Amino acid sequence: MMMPPGLVSNLQEALQNRKGTVPKQQEPEDSNDTVSTTTEEDNPIEFDESKPIILLTNSDGVESPGLTHLVEALVLQGLYNVHVCVPQSDKSVSGHSVTIRETVEAISTKLNGVISAFEISGTPVDCVSLALSGALFSWSKPVLVISGINRGSSCGHHTFYSGVVAGAREALLSGVPSLSISLDWKKDESQETDFKNAVEVCLPLINAAIRDVEKETFPKNCFLNIEIPRSPSSNKGFKLAKQSMWRSTPNWLAVSNSRYPTGHFLANPQAGLGLQFAQLGRDASAAGAARRLATQKKNLEIIESTGAAGKSDTNRVKKYFRLEFLEKQQEETDDEDLDYRALESGYVAVTPVSISPHIETDIQTATSDWISTVTPGGQ
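For the record, in the sequence shown the residue sitting at position 198 is 1079 according to this note's numbering, with numbers rising by one throughout.
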């Protein structure tokens, strides 16, 4: 996606100055505090009007290690009013789906140091949309929305499937600056401590973003998709990247309903994509239960009568399938600025993602030529 030169220039300058002055951190009273579920009476947190409001969301719920370590780091700084709104269950590959025609449930939870937190029976987009509506929290516009940290990269075409990216995109659609953050997770190689290291890597960028949003110098008309490499503590630095065409291949498996109940997560252990197929149940999408995906391991045909009682002249066939993503080999390219190439090279890839309706000139021309050939008087 082409980005305006001015935006790219501003972002490059922001990255170059990322080590600049950030608000002075307040020393915590007890550095051994960790994020935990507790009761409001145990740890009452008062809203401080002098501090910026930030909203945290993700795609995989309140117990995600990425969220846990991110909350812990932000709370220990003592610089912000931290609020959390996350899905009740894993919605990692829910894309930009929303829940309509069904009631969305919001259940309060308590995280140490957080002003308020809710678990939502919907998607990441539902979480952000509800949080920014003014119906759930006493405020409607935080300084920044941070979505993550996701287990698995969200480069290239994964941005269309990714729930964590969708959370940041929804914030931008609502006029709120946002970041999506993902960790390039590799099964049997990555460790849970990598999330803590990932937070340490991106925290200066988060602080700088909040500072510059308040100064109105943060890049506009885009959100930033931040991809952190494996072994975060040994990264090569931040690199401005471009969104690539990188994608994984969807692979549908015919399965048996008796072997894997609906909601059992399946992922290719060799792909190393950190992608899981999220159940699109009644909590996940506008289609709700009508589009719920059943799962299982071999072909199965179930013949059911759909006629009136006592009649069996009309039958239907029911089959079960399950989706997994397979890693796809990409074409060789010399462009080291593409997001997945920067990530593979050990950089923290920072990609501006726009929602601008701008269409490149050659696409506009080609479409115009096609319309003129297939429609009378087409222009």
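We put the CB at the ideal spot given by N, CA and C, even for glycine.
Please read all numbers here as calculations on a predicted model, not as lab measurements.
Exercise. In whole angstroms, what is the alpha-carbon distance linking Leu1154 and Asn1116?
Worked result: On the sequence shown, position 273 is the one that residue 1154 refers to. On the sequence shown, position 235 is the one that residue 1116 refers to. Residue confidence is low: Leu1154 scores 38 on pLDDT, short of 50, so the model does not pin down where it sits. No coordinate-derived value is stated.
For this session: Give the straight-line distance between the Cα atoms of Ala1090 and Gly1056, rounded to the nearest whole angstrom.
Result: One-based indexing of the sequence shown puts residue 1090 at position 209. One-based indexing of the sequence shown puts residue 1056 at position 175. Roughly 15 Å between the two C-alpha positions.
Problem set entry | Assigned exposure category for Val1255 - 16 Cβ within 10 Å defines buried | Counting from one through the sequence shown, the residue named residue 1255 turns up at place 374. Exposed, because fewer than 16 other Cβ atoms sit within 10 Å of the Cβ of Val1255.
For this session: Could you tell me the distance, in whole angstroms, from the CA atom of Asp1007 to the CA atom of Thr980?
Result: Position 126 of the sequence shown, counted from the start, is the residue given in the question as residue 1007. Position 99 of the sequence shown, counted from the start, is the residue given in the question as residue 980. If I take the Cα positions, the gap works out to 7 Å.
For this session: Return the chain-ordered ranges of every alpha helix (DSSP H) run that is complete within the region 932-1001 and spans a minimum of 4 residues.
Result: 946-958
Problem set entry | Through-space distance from Arg1197 to Leu951, alpha-carbon basis | Position 70 of the sequence shown, counted from the first residue, corresponds to residue 951. Position 316 of the sequence shown, counted from the first residue, corresponds to residue 1197. Their Cα atoms are separated by approximately 49 Å.
Problem set entry | Distance, Asn1138 Cα to Val1009 Cα | Counting from 1 along the sequence shown, the entry for residue 1009 is found at position 128. Counting from 1 along the sequence shown, the entry for residue 1138 is found at position 257. Rounded to the nearest angstrom, the two C-alpha atoms are 34 Å apart.
Exercise. Mapping DSSP to helix, strand and coil, what is Arg1111?
Worked result: Residue numbering aside, residue 1111 sits at position 230 when the sequence shown is read from its first letter. Residue state, collapsed to three classes: coil.
Exercise. Any idea what DSSP makes of Glu1205, helix, strand or coil?
Worked result: What you label residue 1205 is simply residue 324 of the sequence shown in a count that begins at 1. In this structure, Glu1205 counts as strand in the three-state DSSP scheme.
Problem set entry | 7 Å Cβ cutoff met for Phe1076 and Gly1227 | Here the question's residue 1076 lines up with position 195 in the sequence shown. Here the question's residue 1227 lines up with position 346 in the sequence shown. Not a contact, by the Cβ cut-off of 7 Å.
Problem set entry | As assigned by DSSP and simplified to three states, the class of Thr1242 | What you label residue 1242 is simply residue 361 of the sequence shown in a count that begins at 1. Three-state DSSP puts Thr1242 in a helix.
Exercise. So is Asn939 buried or exposed if we call it buried at 16+ other beta carbons inside 10 Å?
Worked result: Locating residue 939 in the sequence shown gives position 58, counting from the first residue. Label assigned to Asn939: buried.
Exercise. How many whole angstroms separate the CB atoms of Val985 and Leu1011, which I take to be in contact at a CB cut-off of 8 Å?
Worked result: Against the sequence shown, residue 985 aligns to sequence position 104. Against the sequence shown, residue 1011 aligns to sequence position 130. Correct: roughly 7 Å between the Cβ atoms.
For this session: Go ahead and label Glu1264 buried or exposed: buried means 16 or more other beta carbons lie within 10 angstroms of its beta carbon, across all protein chains shown.
Result: Since the first residue shown for the chain is 882 and the last is 1260, residue 1264 is missing from the structure and cannot be characterised.
Exercise. Applying the criterion that 16 or more other CB atoms from any shown protein chain within 10 Å of the CB defines a buried residue, is Gln1072 buried or exposed?
Worked result: Here residue 1072 refers to the residue found at position 191 when the sequence shown is read from its first residue. Exposed: under 16 other Cβ atoms inside 10 Å.
Exercise. Given that a residue counts as buried once 16 or more other Cβ atoms are within 10 Å of its Cβ, and exposed if not, what is Asp1164?
Worked result: On the sequence shown, residue 1164 is found 283 positions in, with the first residue counted as 1. Note that Asp1164 has pLDDT 37, beneath the 50 cutoff, so the model's placement of it is unreliable and the number below is only indicative. Buried: at least 16 other Cβ atoms inside 10 Å.
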